[in-house]
Amino acid sequence: MSRNEAPAQDLLIALTEAWRRRDIEALTALFEDSPETTYLDAGEVDPWIGPPAIRRGLEARGTALDFRIDAPRPRSLAPDVASVFAVVEKRTGTPPMTERMRVTLVARRAAQGWKIVHYAEAPRAPLLELESYYEAIAADGLEAIPPRPWAPS
Amino acid sequence: MSDAALAADVVPLIERYVSYSEGMNFAGKRALWDQDDPAPLLMPEEAAAPLVEWPAIEAYWSKSRVVMTSLRSRTANHRCRQLAPDIALVTYDLRWVATLATAPGLARKPIAADVRVTALLRRKPDGWRYFHLMEGPINLLGMAKLAATRGI
């Protein structure tokens, strides 16, 4: 697929690459300079609306150690509008935590080129994530209580 | 079309769409999707993978009738942007209230949550129609914080 066929996917890749470098200037430059541009972060109830709020939100985030983009579904919606849906795995923090989420990115071509007009992260329902955690512990087995350094052997 | 004019068109459609949750009228919901789109995408918050094309979406809706005994939804905080003459981006908050199916004689309390919806709609001769709908709950850490603020 050529770059022109998937501008929104290219922007998603650029977003993850800028995150890896924690390059706030590069990150914010990917978004349309409009007060209507929106960013829905997986951990926040409210969207970041407009470039100043998006910059503040991105600056407040820690370093993303790694990203993996799975099964991207780019679509051309109009001559100057495109979208991509993908499953994104993000690894952050110390110790590293992995968060898997679904992403919709919508882009529009403006004078400065293709820019993100909307980015949304959608984790799986927390109720099911918690259930998966309990199931993972059950799968470890009854005897798999982790040894603790403070416990006498 | 201004965003306000777009909202005047689209918000009633969204409200109609979620009203079909009551009674789980999925035929009604389907009628508000673009029937000509070759790859409609629905990403429910609880689904493991996106539902793409009608067989997957219909199968999900059929299963919903089995796992829930009731479902109601409302929306608020709509933001509408027209990105092209026939393409609209709409975001809104959706609260669902559901009672999960259980063994006969065992009552369950309803559960509910708010999700942030990202919707893409296409203008068709009979009005705006969905072709992409993603439900975005807050993540587990965020939910834990919300629970703590409620003293739960």
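So the sequences go chain by chain: A and B. Residues are numbered in our numbering as their position in the first sequence, beginning at 1, plus a constant of 10. Residues are numbered in our numbering as their position in the second sequence, beginning at 1, plus a constant of 10. Ideal placement from N, C-alpha and C gives every residue a C-beta, glycine not left out.
>> Please state whether the Cβ-Cβ distance between residue 87 of chain B and residue 109 of chain A is less than 9 Å.
In response: Locating residue 87 of chain B in the second sequence gives position 77, where the first residue counts as 1. Locating residue 109 of chain A in the first sequence gives position 99, where the first residue counts as 1. No; because the gap between Cβ atoms is not below 9 Å, this pair is not in contact.
> Since residue 132 of chain B and residue 96 of chain B are thought to touch, with beta carbons under 8 Å apart, how far apart are those beta carbons, to the nearest angstrom?
Replying inline: Indexing the second sequence from 1 puts residue 132 of chain B at position 122. Indexing the second sequence from 1 puts residue 96 of chain B at position 86. Their Cβ separation, rounded to whole angstroms, is 6 Å, which keeps residue 132 of chain B and residue 96 of chain B in contact under 8 Å.
> From what residue to what residue does the alpha helix (DSSP H) around residue 153 of chain B run?
Replying inline: Counted from its first residue, the second sequence places residue 153 of chain B at position 143. From DSSP, the alpha helix (DSSP H) with residue 153 of chain B extends over 150-159.
> How many whole angstroms separate the CB atoms of residue 144 of chain B and residue 128 of chain B, which I take to be in contact at a CB cut-off of 8 Å?
Replying inline: For the purposes of this step, residue 144 of chain B is identified with residue 134 of the second sequence, where counting begins at 1. For the purposes of this step, residue 128 of chain B is identified with residue 118 of the second sequence, where counting begins at 1. Between residue 128 of chain B and residue 144 of chain B the Cβ distance is about 5 Å, and since that is below 8 Å, they are a contact.
>> Within 10 Å of its beta-carbon, does residue 12 of chain B have 16 or more other beta-carbons around it, so buried, or fewer, so exposed?
In response: Locating residue 12 of chain B in the second sequence gives position 2, where the first residue counts as 1. That one is exposed.
>> Does residue 47 of chain A come out as helix, strand or coil in the three-state DSSP assignment?
In response: The residue labelled residue 47 of chain A in the question sits at position 37 within the first sequence. In the structure shown, residue 47 of chain A sits in coil (DSSP, three-state: anything other than H, G, I, E or B).
>> Within a Cβ cutoff of 6 Å, which residues of the same chain sit near residue 127 of chain A, ignoring the five residues on either side of it in sequence?
In response: Within the first sequence, numbered from 1, the residue matching residue 127 of chain A stands at position 117. Here the set comprises 42, 47, 116, 118.
> If you measure from the beta carbon of residue 55 of chain A to each beta carbon in chain B, is any gap under 9 Å?
Replying inline: For this step, residue 55 of chain A is matched to residue 45 along the first sequence. Yes, residue 55 of chain A counts as interfacial toward chain B.
> What are the uninterrupted segments assigned as alpha helix (DSSP H) that are 4 or more residues long and contained completely in the segment 56-128 of chain B, given in chain order?
Replying inline: 64-77
> Along the chain, where does the beta strand (DSSP E) that runs through residue 76 of chain A open and close?
Replying inline: On the first sequence, residue 76 of chain A is found 66 positions in, with the first residue counted as 1. Residues 74-88.
> Using 9 Å as the limit for Cβ to Cβ distance, is residue 60 of chain B near chain A?
Replying inline: For the purposes of this step, residue 60 of chain B is identified with residue 50 of the second sequence, where counting begins at 1. Flagged as an interface residue toward chain A: residue 60 of chain B, by a C-beta distance shorter than 9 Å.
> Using a Cβ-Cβ distance under 9 Å, would residue 108 of chain A count as near chain B?
Replying inline: Sequence index remark: in the first sequence, residue 108 of chain A carries index 98 (1-based). Not an interface residue.
>> I'd like to check one pair, residue 63 of chain B with residue 48 of chain B: are the Cβ atoms closer than 9 Å?
In response: Within the second sequence, the letter at position 38 stands for residue 48 of chain B. Within the second sequence, the letter at position 53 stands for residue 63 of chain B. Yes, they are a contact pair.
>> Just to confirm the assignment: which complete beta strand (DSSP E) runs, minimum length 3, are found wholly within the segment 77-153 of chain A?
In response: 91-102, 107-120, 123-133
>> Less than 9 Å between CB atoms is the rule here; does residue 50 of chain A satisfy it with respect to chain B?
In response: Position 40 of the first sequence, counting from 1, holds the residue named residue 50 of chain A. Yes, because at least one Cβ of chain B sits closer than 9 Å to the Cβ of residue 50 of chain A.
> Can you tell me whether residue 53 of chain B is buried or exposed, with buried defined as 16 or more other CB within 10 angstroms of its CB?
Replying inline: Position 43 of the second sequence, counted from the start, is the residue given in the question as residue 53 of chain B. Buried, by the Cβ-count rule.
> Leaving out the 5 sequence neighbours to the left and right, which residues in its chain are closer than 6 Å to residue 30 of chain B when beta-carbon positions are compared?
Replying inline: The residue labelled residue 30 of chain B in the question sits at position 20 within the second sequence. Around residue 30 of chain B: 38, 39.
> Could one say the Cβ of residue 113 of chain B lies closer than 9 Å to chain A's Cβ atoms, at least one of them?
Replying inline: The count along the second sequence starts at 1 and reaches residue 113 of chain B at position 103. Not one chain A Cβ lies under 9 Å of residue 113 of chain B.
> If you run the structure through DSSP and keep just helix, strand and coil, what is residue 54 of chain A?
Replying inline: As a working mapping, residue 54 of chain A is identified with position 44 in the first sequence. Coil.
> Checking contacts by CB at 9 Å: is residue 25 of chain A closer than that to chain B?
Replying inline: Here residue 25 of chain A is taken as the residue at index 15 of the first sequence, counted from 1. Not one chain B Cβ lies under 9 Å of residue 25 of chain A.
>> Which of the three DSSP states is assigned to residue 32 of chain B in this structure?
In response: Position 22 of the second sequence, counted from the first residue, corresponds to residue 32 of chain B. In the structure shown, residue 32 of chain B sits in coil (DSSP, three-state: anything other than H, G, I, E or B).
>> Tell me the DSSP secondary structure of residue 59 of chain A in three-state form.
In response: One-based indexing of the first sequence puts residue 59 of chain A at position 49. It is a strand residue.
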